[in-house]
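Structure, as structure tokens:
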Amino acid sequence: MHSAAKKLTVVDGTPATPGFLTADEDALSRRFLDQGHVVFPVENRASLDRLRKTIADSAAAWLGIDTPADVGAFLDTIHTRVGPEKVNDLRMAAIRGVNGTDWTIRTYFSLARTALATLVGNELAMQKRLNLSIQMPGDHSSVLATHADSWDGDSPFEVVLWVPLVNVYGSKCMFLLKPEQDAKRAANFRRFAGKSTEDLYRDIEPDLIRPEVRYGEAMIFSPNLMHGNRVNTERDTRWSFNCRVKGLFTPYADKRLGEFFEPVTMRATTRMGLDYREPEGFDE
Ligand SMILES: O=C(O)CCC(=O)C(=O)O
Ligand SMILES: [Fe+2]
């Protein structure tokens with residue numbers, strides 16, 4: 129058997145992709161489990177454009193200018209208008225524009241509704257707020273060291289829906305390890321004890337993947353795999369959203385339902401069950 133296929137076979141006696149999935153669902157699931165991420169066109173380009181325009185409008189307002197007509201070029205070249213020492217103020221101002229609305233999470237979800245249903249489920253909880261990353265070329269202050277979200281308070285049952293607002297590639301993108309390579313390190317993690325995250329990075333560097341994600345595409349990745357980013361040495365600034373999604377009834381870690389997550393696609397039968405009360409006096 130092909131080794132990647134073998135790896136996908138059995139967990140707790142259940143095939144990794146149970147036989148009732150459609151051929152498309154099975155293919156996407158296998159790709160995700162094998163690569164640790166999938167990149168696909170968003171399902172709702174008009175909504176992505178609206179999210180991007182809202183971000184650009186907030187950024188332009190913060191700069192005290194009108195939003196330029198070419199929104200993509202404006203975001204790509206934002207470092208020509210504001211320096212990296214102000215990047216966090218810019219980020220906070222830009223994200224306020226989207227997290228202040230009631231359509232944001234619904235719209236963001238709609239970008240990947242089918243892929244999320246396939247990979248996560250049809251009864252989902254989602255992070256209440258979008259996170260925004262801005263990485264200007266040469267900015268050392270915005271670097272996120274190698275980590276797995278599951279090391280620090282995130283449930284291993286989460287995925288990240290990661291959506292760039294500009295084309296990303298090379299060091300303009302985040303990096304991650306494939307499951308096979310991640311498992312190799314995890315099997316012998318003791319050898320990193322007392323070492324720095326930079327030592328860890330140097331060890332994983334030869335095996336890292338830096339996906340290319342064009343504007344109009346989205347990525348779903350496993351945050352249980354080691355990932356992070358480096359100084360952006362490309363020409364333009366990276367802008368990307370990330371947001372966590374999990375099965376409503378899969379285990380939670382530090383990030384709680386109601387606080388960090390909210391139910392987004394609870395089904396009628398769950399409502400029915402939650403509302404059920406035994407008839408009064410039934411046991412008498
Ligand atoms: O966008 C990045 O560079 C990293 C994002 C990340 O670590 C996450 O979403 O968990
Ligand atoms: Fe992360």
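Following my numbering, the numbering of the sequence shown begins with 129 at its first residue and continues without gaps. Cβ coordinates follow ideal geometry from the N, Cα and C atoms, glycine included. Here the structure is a predicted model, which means the values were calculated and not measured.
Under a three-way DSSP split, which group does ALA273 fall into? coil
Do you know how far the Cα of PRO391 is from the Cα of ARG405? 22 Å
Mind listing which residues have their beta carbon within less than 6 Å of any non-hydrogen atom of ligand 2? Chain order is fine. HIS275, ASP277, PRO351, HIS355
For ALA321, does the three-state DSSP call read helix, strand or coil? coil
Quick check: what's the CA-CA separation for ARG178 versus GLU408? 51 Å
Rounding to the nearest angstrom, what Cα-Cα distance links ASP403 and THR397 in this structure? 10 Å
When you compare each of PRO307, GLY356, ASN216 to ASP277 by their alpha carbons, which one comes out closest? GLY356
Could you say which of SER283, VAL341, ALA144 lies nearest to ASP382 if we only look at CA atoms? SER283
Span of the beta strand (DSSP E), counted from its first residue to its last, around TRP190: Unbroken run through TRP190 is the alpha helix (DSSP H), 173-191; no beta strand (DSSP E).
DSSP three-state assignment for ALA346, whether helix, strand or coil: strand
Cβ separation of PRO351 and GLU308, assumed to be a contact under 8 Å, to the nearest whole Å: Not confirmed; about 17 Å, so no contact.
Assign ASN316 to one of two classes, buried (16 or more other C-beta atoms within 10 Å of its C-beta) or exposed (fewer than that). exposed
Using CA coordinates, which residue listed in HIS207, GLN163, MET254, ASN259 is at the minimum distance from ASP267? HIS207
Check: LEU272 C-beta below 7 Å from any heavy atom of ligand 1: yes
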